[in-house]
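To start, the structure under review is shown below, and the notes come after it.
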Amino acid sequence: MALDNARDVSLSRTAMKAELLDAETELKLAYAWRDERDEAALHRLITAYMRLAISMASKFKRYGAPMNDLIQEAGLGLMKAADKFDPDRGVRFSTYAVWWIKASIQDYVMRNWSMVRTGSTSSQKSLFFNMRRVQARLERESAAAGETLDRHQLRQMISTEIGVPLRDVEMMEGRLGGSDYSLNATQSSEDEGREWIDALEDDGAQAAELVENEHDTAQLREWLLMAMNALNERERFIVRERKLRDEVRTLESLGQELSLSKERVRQLEAAAFAKMRKSLETQSREVHHFLL
């Protein structure tokens, strides 16, 4: 613990000594990283705004996560911001980085709050980080007005205040109020040592389902190959480059390679998909949506 505290202090001191970038310098560094992948420029940009990341990380200490881990997550968010930042938009990097830093820290806190994932949607995140604060304020206001709110009224008011469905409020209240328990714990002394895990239904795929899925996948692959074989060589090339690559080619780049206009490539692509759709529909009307 003492070592972690010393490391936190050291990181904070280093960040506070970093240079303060003016708008012009910041812009030059952002362009150097985006256009030239200049790692020195990236390092300078990240270092200059690490104090911002540390400041934001400190606001999440109340959730019980180690400060050093929070700073690391804030740093990851800062690096993501630098990688995705577009200096042409006319926005200061610090303004853009705040969102990425906050999102990275919040994701870390929610991942480590419980063994059970607390939530991943925007409404669930909003509830996780705001529900208790809003609830405390509503209870203070009702007490000051001499009113007493029951649990249902309070949940409804929280739902309206934060702008999320009532069911999400009820779910989050249960998750924040509960604790993690081992599935290997015995259910009761009367169950002869039966563990809670024994009561869980096996939701894994059954043998018959696995065989059926394998058969369907093989059938679909065969139909797609037949549809591809119905195309000419140029059409197959366009489909492969547009749909089957990890990094999809643009119409413009294909047009340059094939000495065609961007619009002509788009027309050929549409014609190829129409041919494939027609071929697939002759096999099964349930698979043509793969080309939509």
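The sequence shown begins at 664 in my numbering and counts up one residue at a time.
Every residue, glycine too, gets a C-beta built ideally from N, C-alpha and C.
With fewer than 16 other beta carbons inside 10 angstroms of its own, Asp751 counts as exposed. Counting C-beta pairs closer than 8 Å gives three or more between the segment 901-913 and the segment 926-945, which meets the contact rule. Around Ser805, the same chain offers Leu812 as residues with beta carbons nearer than 6 Å, after the five sequence neighbours per side are excluded. One thing to note: Ile709 has its Cβ no nearer than 7 Å to the Cβ of Leu733. In this structure, DSSP gives Pro750 a helical state, which the three-state scheme calls helix. Proximity to Phe723 across Arg927, Phe791 and Asp698 peaks at Phe791, based on C-alpha coordinates. When the alpha-carbon of Ala720 is set against those of Val797, Gly918, Thr688 and Gln735, the nearest one is in Gln735. Every alpha helix (DSSP H) of 4 residues or more that sits fully in the segment 696-778 is shown, in chain order, as 702-711, 713-721, 730-747 and 756-776. Using a Cβ distance threshold of 7 Å, Trp696 and Ala704 count as a contacting pair. Residue burial is scored here from C-beta neighbours: Gly738 has at least 16 other C-beta atoms within 10 angstroms and is therefore classed as buried.
Our two residues, Val754 and Arg795, have alpha carbons roughly 33 Å apart in a direct line. Ala728 and Val827 have their C-alpha atoms some 26 Å from each other. Look at Lys680 here: in three-state DSSP terms it is coil, with no helix or strand label. Here DSSP, grouped into helix, strand and coil, assigns Asn895 to coil.
When rounded, the separation of the alpha-carbon atoms in Ile764 and Ala744 is 8 Å. Between Ile768 and Asn793, the CB-CB gap reaches or exceeds 7 Å.
Boundaries of the alpha helix (DSSP H) around Thr823: Arg814 to Ile825.
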